[in-house]
Amino acid sequence: MGSAASTQGAALLLPAPPSPCINVCRMNDATGWCDGCLRTIDEIAGWSSFDDETKRAVWQAIETRHVQWIARRAPNRGGAS
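Here this note's numbering runs 131 ahead of the position in the sequence shown, where the first position is 1.
Now the structure itself:
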């Protein structure tokens, strides 16, 4: 029997999202993302004041950016002479 109240209670038990920072702090002019954590400068600057829901949204954006980042690198792989 799942109720809205029990669903909300479960959400409150989630741990706070960790910072995505991996101490490779270098902004990429082409993407506008940090080369280390793939966040924008606004996401980096606001992280400590973001609520958990916003932090999770940033993590979702990072996942999307990571897929894009990999796709951009894929054509450069291989042994083109």
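For each residue, glycine too, the CB sits at the ideal point set by N, CA and C.
(request) Tell me whether the beta-carbon of E174 lies closer than 8 Å to the beta-carbon of V189. (result) Annotated as proximal: E174 and V189, with beta-carbon spacing under 8 Å.
(request) Give the DSSP-derived three-state secondary structure of T162 in the structure shown. (result) In the structure shown, T162 sits in coil (DSSP, three-state: anything other than H, G, I, E or B).
(message) Is the separation between the beta-carbon of I193 and that of C152 shorter than 8 Å?
(response) No. Outside cutoff.
(request) Using 10 angstroms around the beta-carbon of R170, count the other beta-carbons present and answer buried if the total reaches 16, otherwise exposed. (result) Answer is buried; the Cβ neighbour count reaches 16.
(request) Pull up the distance between the alpha-carbon of Q199 and that of N159, whole angstroms please. (result) The straight-line gap from Cα to Cα measures roughly 14 Å.
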